[in-house]
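Top line first, the protein sequences correspond to chains A and B. Residue 646 in the working numbering is what sits at position 51 of the first sequence, and the numbering runs on without skipping anything. Residue 595 in the working numbering is what sits at position 88 of the second sequence, and the numbering runs on without skipping anything. Beta carbons are placed, not taken as given, at the ideal position from N, Cα and C, and that holds for glycine. Following: one structure in structure tokens, then a few remarks.
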Amino acid sequence: GDSVTQMEGPVTLSEEAFLTINCTYTATGYPSLFWYVQYPGEGLQLLLKATKADDKGSNKGFEATYRKETTSFHLEKGSVQVSDSAVYFCAPLGGGYNKLIFGAGTRLAVHP
Amino acid sequence: NAGVMQNPRHLVRRRGQEARLRCSPMKGHSHVYWYRQLPEEGLKFMVYLQKENIIDESGMPKERFSAEFPKEGPSILRIQQVVRGDSAAYFCASSPGTGDEQYFGPGTRLTVT
């Protein structure tokens, strides 16, 4: 069945460090891919998306490229801030393109 | 433009009671999804509805759980005879169409005592 694997957290970084959170997925066909972010006690916010191979999604300094060959969608940011501390979820749109498939998420902690 | 709204935000029920969770999708969205998040875990899909129709309920437990999205009013997730294992955060999302990005509400945190 459809699934997603993210690197385990927590990821702890200093402010202005480079961030990579790895994400690989298994899905039927070529689903749209999403990154969501969840701040403590809140719902999920859409961070970025890519809908086809080689698409690059970007938002607020975060980027991810849809790699069909490696079925990956790694999240990167060149310089993290304390305010980026949150849990990040990679999610392909699986199951007939109507349900998001979530992994356990990766917790990011950025300290000054 | 109001986002997805859920109420209540927090709900406490004793074992055996019923829990009713409400979700109003974003304006213009006719597709609603329910997900459940257990502590320290990702979200798990439960059910996908369009107005007056259940499209996919493959993630919904067979017993005690039901969902509806009537022609008028919010979508309702109903849990009958709650047990401690039902304690979780329940999130609703909506989208304008199939395959589109989903926008999430703030969630309802259910605690069963």
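Compare the C-alpha of residue i against each of the options and name the closest.
i	options	result
residue 515 of chain B	B:525, B:523 and B:529	B:529
residue 549 of chain B	A:611, A:653 and A:683	A:683
residue 602 of chain A	A:692, A:634 and A:671	A:671
residue 620 of chain B	B:513, B:574 and B:518	B:518
residue 649 of chain A	A:680, A:669, A:705 and A:606	A:669
residue 607 of chain A	A:679, A:693, A:695 and A:686	A:679
residue 606 of chain B	A:629, A:658, A:611 and A:596	A:629
residue 618 of chain B	B:527, B:533 and B:565	B:527
residue 513 of chain B	B:570, B:566, B:559 and B:539	B:539
residue 577 of chain B	B:537, B:547, B:593 and B:615	B:537
residue 580 of chain B	B:573, B:566 and B:558	B:558
Taking the beta carbon of residue i as the centre, do at least 16 other beta carbons fall within 10 Å, making it buried, or is it exposed?
i	result
residue 613 of chain A	exposed
residue 587 of chain B	exposed
residue 673 of chain A	exposed
residue 638 of chain A	buried
residue 582 of chain B	buried
residue 677 of chain A	exposed
residue 568 of chain B	exposed
residue 707 of chain A	exposed
residue 543 of chain B	buried
residue 590 of chain B	exposed
residue 687 of chain A	buried
residue 615 of chain B	buried
residue 647 of chain A	exposed
Compare the C-beta of residue i against all C-beta atoms of chain A and say whether one is closer than 7 Å.
i	result
residue 572 of chain B	no
residue 605 of chain B	yes
residue 550 of chain B	yes
residue 613 of chain B	yes
residue 564 of chain B	no
residue 579 of chain B	no
residue 598 of chain B	yes
From what residue to what residue does the beta strand (DSSP E) around residue i run?
i	result
residue 654 of chain A	651-654
residue 689 of chain A	681-689
residue 615 of chain A	614-616
residue 585 of chain B	582-586
residue 567 of chain B	Run containing residue 567 of chain B: none; DSSP gives neither H nor E here.
residue 671 of chain A	670-672
residue 625 of chain A	Unbroken run through residue 625 of chain A: none, as it is neither H nor E.
residue 537 of chain B	Where residue 537 of chain B is concerned, there is no enclosing beta strand (DSSP E), given that its DSSP letter is neither H nor E.
residue 514 of chain B	512-514
residue 609 of chain A	606-609
Do we get a CB-CB distance below 7 Å when we pair residue i with the residues of chain B?
i	result
residue 683 of chain A	no
residue 694 of chain A	yes
residue 596 of chain A	no
residue 644 of chain A	yes
residue 698 of chain A	yes
residue 652 of chain A	no
residue 624 of chain A	no
For residue i, is the beta carbon positioned less than 6 Å from some heavy atom of the ligand SAM?
i	result
residue 665 of chain A	No copy of the ligand SAM occurs in the structure displayed, which carries no ligand at all.
ask   = Given 8 Å as the limit, is there contact between the region 640-657 of chain A and the region 690-701 of chain A, that is, 3 or more CB pairs closer than that?
value = no
message = Does the structure place the region 594-602 of chain B close enough to the region 542-555 of chain B that three or more beta carbon pairs sit under 8 Å?
response = yes
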